[in-house]
Each structure stands twice: as C-alpha cells, then as structure tokens.
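Chains as they are written, first to last, in my numbering: chain A, 516 to 645; chain B, 508 to 623. We treat Cβ as the ideally placed atom computed from N, Cα and C, and that holds for glycine.
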Amino acid sequence: MKFAIVVYGAPYSHQASRSGYLFTRAVLDMGHEVHRVFFYHDGVYNASKLAAPPQDEADIQADWATLGSTHDLDLVVCIASALRRGMLDPTEAARYDKSADSIADEFSISGLGQLIDATLEADKVVTFGV
Amino acid sequence: MSQILFVMSRSPGSINAQEGFDALLMGSAFATCSVVFLGTGLFQLVDGQDAEPLGGKNFSHGFGALNDYGVSEIYCNKRELDRADLAIQDLSVPVRLLDDDEINALFNDHQMILSF
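What follows is the structure, encoded as structure tokens:
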C-alpha cells in the first residue's frame, strides 16, 4: 500500500512528531511504500538541523533525517509554514538575506501542492497532530 | 461529490485555521474540494471579525472568494450553530447546515479527508 504521511506537530512539544516517525518506520518495515512525508504547521520544526537535545533524549530531528536518507524518502517541508517560522534552506536564506539556514539536507522545501498531490496519489493519508 | 473534504476544527486565532485555509485554496487548484467547519472551527465563519489588533491576519476575508475557487460546498453542523447561539445570518458566507447523521455521511462518502 502507498502511504502519505502528514506531520503537524513540533518535536518534543507533541507526541505527534514521534508517533509519525514510528508509524512511518513501521510501514516501511512492513514493506509498504511511503509516497511522501509532508511537514506542515509546527511540524516544519522536525526538519531543523540545529537541534541539540540532551544526550539521554531521542534526537527526533536526526531520526527523521536518518530515516529519510536510509529509505530515500521524499521529506517535504511546506515553504510558507517554514519561512514564517525561521526554517530556511540555503536558497531561501540567501533570497531573504538571512545570516543562517536551518533545514537539514535530507529535507526539501516545496509548496502546498505537494500535500494535495500526496493526498491524490497515496492510497492512505495519515495525519499526525491537530 | 468533491474529491477532497477539508475539515476545519480549530478556532479562528489558530495558525491551523490560517494554514488550513491556505491548503484549501491550493487544493481547489488541483481537485474539487468541499469544506466543513466543526467544533470551534465554526467561529472562523463568524462575520465582522478583525484579527489585526491582536497581531493576526484577516485571512477569513478569503472565505468570500471560495466560490470563485470552485469551493461551492461549505458545511456546518446545525446543532453546533444552535449551541453557539448563532444564526446563519451571522456567518460571512452562505453555508449548508447538516445534522449529525449528514455530517457522518459526509465523512463516509469521502475517500480523501484533510483535517486542520
């Protein structure tokens, strides 16, 4: 089955982020396809490469990035949500003349059309967070 | 029957409401969409709101343009409207009122549902 995953929750603030990660990993382990993971609302913070959680806590952002690179996942961050929250890739940082970028290489920035496309393409869309 | 049902269930001051509306507009460019306002999401539709003094954006003015985007089906729950002591005239756009069974049928009839 082809899944699309939508994550609304920020890491550490809500269980949504961790549950979304665990669900995504589980469906991949079971042999299903993940068409795309779309990060929206505060979910865009899952793409941060600047997080440095205490060593005895899960590194949620790094876990997403590792899962993405291991399975060649299409991890997409909504551009409008990301920009208003200070989540930038090098291109956007340069465009808006900001001093740093914050999105890990495993993620890409794109528009809401990717959410709609995922909804239309996948057999199941599973949303984490409200 | 629309392809995608959008469910708005958050209060008008929430970013979920604003970004949900953005998603609805984007969705309407790709598919036929309908939208149902449930719970505190109903208050997004109350006419005459001004979010700017609170540092918000008056995105709800865009509801009036939904028809131009092809979103002609806007639903609310009649019981929730009554409980909020609102009338259909208090809302900024024309809506179709559904009872609980009709809301359930709406969810059952759609294969694709996005909640905000």
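At a C-beta separation below 8 Å, A595(A) has these neighbours in chain B: E526, D529. The DSSP-derived three-state label of M619(B) is strand.
Taking all protein chains shown into account, Y611(A) has fewer than 16 neighbouring C-beta atoms within 10 Å of its C-beta and is therefore exposed.
Contact check between the stretch 589 to 607 of chain A and the stretch 537 to 546 of chain B: fewer than three CB pairs, one atom from each, fall below 8 Å, which does not count as touching. Under the 10 Å beta carbon count, P605(A) is surrounded by fewer than 16 other beta carbons and is classified as exposed. Interface annotation, Y527(A): not in contact with chain B, CB-CB separation never under 8 Å. For A538(B), the neighbours in chain A by C-beta distance under 9 Å run, in chain order, I631, T634, L635.
Scanning its chain for C-beta atoms nearer than 7 Å, with the 5 sequence neighbours on each side dropped, one finds around E621(A) the residues A580, G583, S584, L590, in chain order. Between D597(B) and the set L532(B), F550(B), F623(B), F537(B), the nearest pair of CA atoms involves F550(B).
The three-state secondary structure of L588(B), taken from DSSP, is helix. Scanning the stretch 594 to 623 of chain A from its first residue to its last, no whole beta strand (DSSP E) run of 3-plus residues comes out.
Looking at F570(B), F537(B), V514(B), the one whose alpha-carbon comes closest to that of P601(B) is F570(B). Within the stretch 550 to 581 of chain A, Y555, H556, D557 place their CB atoms closer than 9 Å to a CB of chain B, listed in sequence order. Measuring C-alpha to C-alpha distances from A524(B) to each of S535(B), N565(B), E580(B), G577(B) identifies N565(B) as the nearest.
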